[in-house]
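The numbering of the sequence shown is our numbering, which starts it at 10 and goes up by one.
Beta carbons: idealized from backbone N, C-alpha and C, even for Gly.
Model, not experiment: these values are computed from the prediction.
Let me begin by presenting the structure, written as structure tokens, before commenting on it.
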Amino acid sequence: MNYIQQAYKGQREVWMFILTTFLVAGIFLTNFVIYLVSDPADLELAMDLMKQWPANISLIVNLIPFAFLLLLLFILVRYVHQRSILSLTTARPKVDYKRILFSFLMVCTFTLVTFFIGYSIDSSELVFQFNASKFAILFLISIILFPFQIGLEEYLFRGYLMQHIGIMVKNKWFPLILTSILFGIAHAANPEIGAIGFWKMMIFYVGTGLLLGIMTLMDDGLELALGFHLGNNLLASLLVTADWTALQTDAIFKSTADPSMSLISEILMPVLIIYPIMLLILSKKYGWKNWQDRLFGKVTKPPKEDYKIIE
10 MNYIQQAYKG
20 QREVWMFILT
30 TFLVAGIFLT
40 NFVIYLVSDP
50 ADLELAMDLM
60 KQWPANISLI
70 VNLIPFAFLL
80 LLLFILVRYV
90 HQRSILSLTT
100 ARPKVDYKRI
110 LFSFLMVCTF
120 TLVTFFIGYS
130 IDSSELVFQF
140 NASKFAILFL
150 ISIILFPFQI
160 GLEEYLFRGY
170 LMQHIGIMVK
180 NKWFPLILTS
190 ILFGIAHAAN
200 PEIGAIGFWK
210 MMIFYVGTGL
220 LLGIMTLMDD
230 GLELALGFHL
240 GNNLLASLLV
250 TADWTALQTD
260 AIFKSTADPS
270 MSLISEILMP
280 VLIIYPIMLL
290 ILSKKYGWKN
300 WQDRLFGKVT
310 KPPKEDYKII
320 E
């Protein structure tokens, strides 16, 4: 059984899907609606109010809800859909933590190398603000709470929604594209949207969603996506902060640059060049083959004996 077919291991009534999606994804939908109907000045005022809080308190307040929502998703999958969390995680007999670690190290290495190359070329808009005691607290908060944040996003978008939409439409390409778009929309209320521009950031968010979705389908599990997402978000919290980003932290550096991102070098290049290179690295390491079927093939119901027992 491939990754999407894991959803056949549990109950699949439509009302269960609607209930779980509404309860768990409601916060993302609410944020998007607020973004659409709110005056930009009101959103900016809300951000200014948040900036008045201590950075670590603000981070905790932003991340704590993800822990509760991830737990809620697990409860609904286990007791409403009556399937195992393992089936939501991977098609393998057990979770491959080495895959999580490799993907984590891959994105961390790339991010750190490119950052310090850029820093050595021009550091005029970066302020070194390292404070050992503040950073230690930030590090502790980050390693405890970010796994819940990225866990919810991966288990919801690349896990639950990808699997259940896949068995509904009977193919793999539609849930891949739809969950990537939904992933982008879920970040629409982030302050980067207002600072950089909606369509620029949507290209980046949806492109990142496609990368993580392709990892999941090609590798038959969430492990690589979990590691990549965790490494990316941890460094976003610990390495550089700015007044216009979603994460206001006591990071090592603070950017004083005006909010801007080059469409070519900072958005299209990662999405169209760097991400494919990373997929090529992973494909070589894990021997991915038959890309067409894994990404565009049909989803068929497996023989009942393959999924009648909840693991």
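Query - Other residues of its chain near Gly160: CB distance less than 8 Å, five sequence neighbours each side excluded - result: Phe75, Leu79 and Leu235
Query raised in the report: Would you call the CB atoms of Cys117 and Gly240 closer than 8 Å?
Result: yes
**Report entry** Expected contact under 8 Å - CB spacing of Asn40 and Ala198 to nearest Å
**Finding:** 4 Å
Requested in this report: May I ask you to list the residues that DSSP assigns as paired with Ser264?
Outcome: Leu135
**Report entry** Proximity of Arg167 and Gly222 at Cβ, strictly below 8 Å
**Finding:** yes
Query raised in the report: Where does the unbroken alpha helix (DSSP H) through Tyr88 begin, and where does it stop?
Result: Ala64 to Tyr88
Query raised in the report: For the candidate residues Leu291, Leu68, Val104 and Lys107, whose alpha-carbon lies nearest to that of Leu149?
Result: Leu68
**Report entry** Reduced DSSP category for Thr254 - H, G, I as helix; E, B as strand; rest coil
**Finding:** coil
Query raised in the report: From this set, Trp24, Phe37, Ser112 and Phe77, which residue's C-alpha is nearest Leu233's C-alpha?
Result: Ser112
Requested in this report: Within the same chain, show all residues whose beta-carbon is closer than 7 Å to that of Ala100, passing over the 5 residues directly before and after it, in chain order.
Outcome: Met10, Asn11, Tyr12, Gln15, Asp229 and Gly230
Query - Inter-residue CB distance, Val9 and Leu95 (contact presumed, cutoff 8 Å) - result: No statement about residue 9 is possible, as the shown extent of the chain runs from 10 to 320 and does not include it.
Query raised in the report: What do you reckon, are the CB atoms on Ala204 and Pro285 nearer than 8 Å?
Result: no
Requested in this report: Taking Asp259 and Phe144 to be in contact with their CB atoms under 8 Å, please state how far apart those CB atoms are, rounded to whole angstroms.
Outcome: 6 Å
Requested in this report: Find the nearest neighbour of Leu219 within the set Leu248, Leu187 and Leu247, judged by alpha-carbon distance.
Outcome: Leu187
Query - Cβ neighbour criterion (16 or more within 10 Å) applied to Val383 - result: This structure cannot speak to residue 383, because the chain is shown only from 10 to 320.
**Report entry** For Lys307, the residue or residues it bridges with in DSSP
**Finding:** Asn180
Requested in this report: Would you tell me roughly how many angstroms separate the C-alpha atoms of Leu45 and Ala195, rounded to the nearest one?
Outcome: 12 Å
Query raised in the report: In angstroms, rounded to a whole number, what distance separates the CA positions of Leu211 and Phe192?
Result: Before going further, note that residue 211 is Met rather than Leu in the sequence given. Spanning the two alpha carbons is a distance of roughly 9 Å.
Query raised in the report: Do you know offhand how far Leu54's Cα is from Thr250's?
Result: 19 Å
Query raised in the report: Near Leu8, which residues of its chain fall below 8 Å by C-beta distance, leaving aside the five closest residues on each side in sequence?
Result: In the structure displayed, the chain extends from 10 to 320; residue 8 sits before or after that span and is not available.
Query - 8 Å Cβ cutoff met for Leu247 and Ile261 - result: yes
Query raised in the report: For Val104, which three-state DSSP category applies?
Result: coil
Report task. Reducing DSSP to helix, strand and coil, say where Gly19 ends up. Result -> coil
Query raised in the report: So, is Gly175 buried or exposed, given that buried needs 16 or more other C-beta atoms within 10 angstroms?
Result: buried
Requested in this report: May I have the straight-line CA-CA distance separating Leu28 from Leu121, to the nearest angstrom?
Outcome: 41 Å
Query raised in the report: Are Leu147 and Asn71 touching if we call contact CB-CB under 8 Å?
Result: no
Query raised in the report: Alpha carbon to alpha carbon, how far is Ala255 from Pro279?
Result: 20 Å
Query raised in the report: Going by alpha carbons, who is nearest to Trp62 out of Ser264, Gln257 and Met270?
Result: Gln257
Query raised in the report: Just checking my contact of Phe26 with His173 at CB under 8 Å: how many whole Å lie between their CB atoms?
Result: 5 Å
Query raised in the report: If you draw a straight line from the C-alpha of His90 to the C-alpha of Gln20, how long is it?
Result: 5 Å
Query raised in the report: Where does the unbroken alpha helix (DSSP H) through Gln158 begin, and where does it stop?
Result: Ala141 to Glu162
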